[in-house]
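**Q**
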Amino acid sequence: MSQTTLFHFASDSDDQDAVEALDGSSGHGVLIGRAKSKMSGACADCKAVKVRCEIVSGHRKCRRCELKNLPCTPRERKKRKPADTHEELQERARNQDRRIQQLLREYDEMKADHKIRQWITKFHPISTVDGYDRMAQCYKWMQEGTSPEEAAALSFGLPDRTHVPEIVKHCALYPEEIVELFSLFFKHVNPYFSILDDELHTPHHLIRTSPFLFTVLCAVSSRYYVSRPEIYPLAMDFARDAAGKGLVEGKQSVDMCQAYLIMAVYPVPKKKWVEDRSWLLMGVAIRMAMELKLNQPPPSGLTERERLNYTRTWLNCYCVDGSHAIQFGKMPMLRLDDYLARSSANWYRSSQMNTAFDVHLVAYVQILLLMAQWKSIVAQQLENGSTEIVEAAIRMHGRLAKEMDHWVEEYAHELSYRPLPICVYRGNTTQM
Numbered sequence: 001m002s003q004t005t006l007f008h009f010a011s012d013s014d015d016q017d018a019v020e021a022l023d024g025s026s027g028h029g030v031l032i033g034r035a036k037s038k039m040s041g042a043c044a045d046c047k048a049v050k051v052r053c054e055i056v057s058g059h060r061k062c063r064r065c066e067l068k069n070l071p072c073t074p075r076e077r078k079k080r081k082p083a084d085t086h087e088e089l090q091e092r093a094r095n096q097d098r099r100i101q102q103l104l105r106e107y108d109e110m111k112a113d114h115k116i117r118q119w120i121t122k123f124h125p126i127s128t129v130d131g132y133d134r135m136a137q138c139y140k141w142m143q144e145g146t147s148p149e150e151a152a153a154l155s156f157g158l159p160d161r162t163h164v165p166e167i168v169k170h171c172a173l174y175p176e177e178i179v180e181l182f183s184l185f186f187k188h189v190n191p192y193f194s195i196l197d198d199e200l201h202t203p204h205h206l207i208r209t210s211p212f213l214f215t216v217l218c219a220v221s222s223r224y225y226v227s228r229p230e231i232y233p234l235a236m237d238f239a240r241d242a243a244g245k246g247l248v249e250g251k252q253s254v255d256m257c258q259a260y261l262i263m264a265v266y267p268v269p270k271k272k273w274v275e276d277r278s279w280l281l282m283g284v285a286i287r288m289a290m291e292l293k294l295n296q297p298p299p300s301g302l303t304e305r306e307r308l309n310y311t312r313t314w315l316n317c318y319c320v321d322g323s324h325a326i327q328f329g330k331m332p333m334l335r336l337d338d339y340l341a342r343s344s345a346n347w348y349r350s351s352q353m354n355t356a357f358d359v360h361l362v363a364y365v366q367i368l369l370l371m372a373q374w375k376s377i378v379a380q381q382l383e384n385g386s387t388e389i390v391e392a393a394i395r396m397h398g399r400l401a402k403e404m405d406h407w408v409e410e411y412a413h414e415l416s417y418r419p420l421p422i423c424v425y426r427g428n429t430t431q432m
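Using UniProt numbering, read the sequence shown as starting at 1 and increasing by one per residue.
1. Using a threshold of 8 Å, state whether the C-beta atoms of Gly427 and Val408 are closer than that.
2. For Pro74, write down the residues that DSSP places opposite it in a beta bridge.
3. How far does the alpha helix (DSSP H) with Thr355 in it extend, from its first residue to its last?
4. Among residues of its own chain, excluding the 5 on either side of Leu361, which ones have a beta-carbon nearer than 8 Å to its beta-carbon?
5. If you draw a straight line from the alpha carbon of Ala325 to that of Gly283, how long is it in whole angstroms?
6. Mind checking Ile178: buried by the 16 CB within 10 Å criterion, or exposed?
7. Please work out which residues of its chain come closer than 6 Å, Cβ to Cβ, to Lys61, disregarding the five sequence neighbours upstream and downstream, and give them in chain order.
8. Is the Cβ-Cβ distance between Val242 and Ser222 less than 8 Å?
9. Tyr224 to Leu217, Cα distance in whole Å?
10. So, is Val328 buried or exposed, given that buried needs 16 or more other C-beta atoms within 10 angstroms?
11. How do the segment 297-311 and the segment 259-271 stand: do at least 3 beta-carbon pairs fall below 8 Å, yes or no?
12. Report the residue from Lys68, Gly58, Thr429 and Leu369 whose alpha carbon sits nearest the alpha carbon of Asp45.
13. How about the segment 225-233 and the segment 329-347: do they share at least three Cβ pairs that are nearer than 8 Å?
14. Could you tell me which whole alpha helix (DSSP H) segments of length 4 or greater appear in the segment 238-307?
15. Suppose you measure from the CA of Ala148 to the CA of Pro203; what does that come to, to the nearest Å?
16. So what's Cys65 in DSSP terms, helix, strand or just coil?
17. For Thr430 and Ala153, I'd like the C-alpha separation in whole angstroms.
Shown next as structure tokens:
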């Protein structure tokens, strides 16, 4: 090919020859190409000390690296982390939710522990906890170093100590003391407000099925626990706390209704009437009884004792509501002409499992029905402007005396089957 030829078409062999020529030369072409494509910014060493990196055309190193005899290595670009997948983002969100829930639970536990410590500091409930009588009663547990909650879990067949109500732990109630508190309840409370059945409401049953009612029974009966009178204020604080938790959780059951009603009838005494909140608990109990439809015949799937428990609870709600309305001149929450109340005259002898106190409960219901009729008569007399109010009062007095005579006979008849001294007392107080 002539040297004067300026252009020609390159072939594959020409390209190969050019590559070999460059490889065999001093590498000047390679350096130029590398210098052109070397760096888009400072080298690694210049970047590390944050100085200007001056690239010298045709040289392997920058000016600073040449002077300091440093390896002029190009700065590698950081690899970006691959984006998370949708599943990974969902899992991360779930983990964050679980962590938030855990922190909220821990915060609630800290608040609850702080509140309990304040109660304990205020009332000093363990001032007589090491008394001789208690040591003798709970000797086997104390000898083994078993805590009250562990002893309760073992004695009452609970899975572990976490299922034990808080009142057992913080009031230091051993199983023998719990049994004694239940005995005190059915001796000092239930005979005067006969809402529970001692065959159905046992500590073994309630500690598993209804911790709220269990707590209320222990708290109310601790007022009569002469061995440890100091635990009563603390126990009632736990009962009120359990009542608040029951409202927040929104659970409903016959046992909870009974617990609210007991707390309404046996509140902690207050110095001022305005501080009393028993009417609020009474309203909660009656509202819950209405939503549970206790004023209707009990479900067929229940045992006979449970059906009696349903009806007994409703009749007690009726009596508490009617008595409160009559005494304080307020409107009752329930209709005083309630069907179940009107048809309960013979309920006390509907089963062999009826308690000895059911006859007095039914009698009080019938008296409240007469009072409801009297209230209706008075309202009509006032509306019509009639002057026959005296005659109406005399007639109602006669009906009330006749009704009372009937129940005195029924009391005597039932007493012949169950000669309990407390039944004589209940019969006398009904006449008063």
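Beta carbons are placed, not taken as given, at the ideal position from N, Cα and C, and that holds for glycine.
**A** So, from the listed chains and residues:
1. yes
2. Cys43
3. Where Thr355 is concerned, there is no enclosing alpha helix (DSSP H), given that its DSSP letter is neither H nor E.
4. Ser194, Arg312, Leu315, Asn316, Cys319 and Tyr348
5. 12 Å
6. buried
7. Cys72
8. In the sequence as presented, Val is not what sits at residue 242; that position holds Ala. For Ala242 and Ser222, no; Cβs fall outside 8 Å.
9. 12 Å
10. Reading off the sequence shown, one finds Phe at residue 328, where the question assumed Val. It counts as exposed.
11. no
12. Lys68
13. no
14. 254-265 and 278-291
15. The displayed chain sequence assigns Pro, not Ala, to residue 148. About 15 Å.
16. helix
17. 42 Å
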